[in-house]
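Just below is one structure, and these are the notes that go with it.
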Amino acid sequence: MFITLFLISCGNDSAGNEDSIPDSIVLKKNADPVPSFQIGVKTFGVKDSTGKETGWGYDLYVDGKRTIHQPLIPAVPGTDAFATEEDARKTGEFAMGKMKLTGAFPTLTIEELDSLGIKHQ
Numbered sequence: 001m002f003i004t005l006f007l008i009s010c011g012n013d014s015a016g017n018e019d020s021i022p023d024s025i026v027l028k029k030n031a032d033p034v035p036s037f038q039i040g041v042k043t044f045g046v047k048d049s050t051g052k053e054t055g056w057g058y059d060l061y062v063d064g065k066r067t068i069h070q071p072l073i074p075a076v077p078g079t080d081a082f083a084t085e086e087d088a089r090k091t092g093e094f095a096m097g098k099m100k101l102t103g104a105f106p107t108l109t110i111e112e113l114d115s116l117g118i119k120h121q
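Numbering-wise, the numbering used here puts 55 at position 55 of the sequence shown, and it's gapless, one number per residue.
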């Protein structure tokens with residue numbers, strides 16, 4: 001199976017515009033008649049109930065629609081957000097890759113987070 005990947009890098013808009021996908025991968029499986037689809041990741045700042053910033057999260061988009069909203073570090077008990085925007089982006093891109101390969105919602109493990117260098121409790 002031949003998969004063509006185009007990585008489009010644009011600036012991050014952490015203001016929360018859900019209509020744009022700043023980083024996306026366009027996938028085309030085989031040739032026709034399988035349609036192309038787009039998967040993208042976007043980071044955002046996480047705030048607590050008082051409005052204080054507590055870290056970073058990511059959203060995954062499929063064909064321009066937010067499909068996964070991840071304000072907390074996955075696979076880890078607790079309510080911690082990612083410490084840095086880079087950690088959130090790196091994890092979101094990894095999850096996006098798993099989604100692309102499996103065609104299903106990705107499940108991340110602590111071992112995968114460790115392999116990415118994501119700090120967690």
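Here a beta-carbon is modelled for each residue, glycine too, at the ideal position from N, C-alpha and C.
Within the same chain, show all residues whose beta-carbon is closer than 8 Å to that of residue 104, passing over the 5 residues directly before and after it, in chain order.
none
CB residue 75 to CB residue 102, shorter than 8 Å?
no
Roughly how many angstroms lie between the CA atoms of residue 65 and residue 39, to the nearest whole one?
9 Å
Within 10 angstroms of its Cβ, does residue 115 collect 16 or more other Cβ (buried), or is it exposed?
exposed
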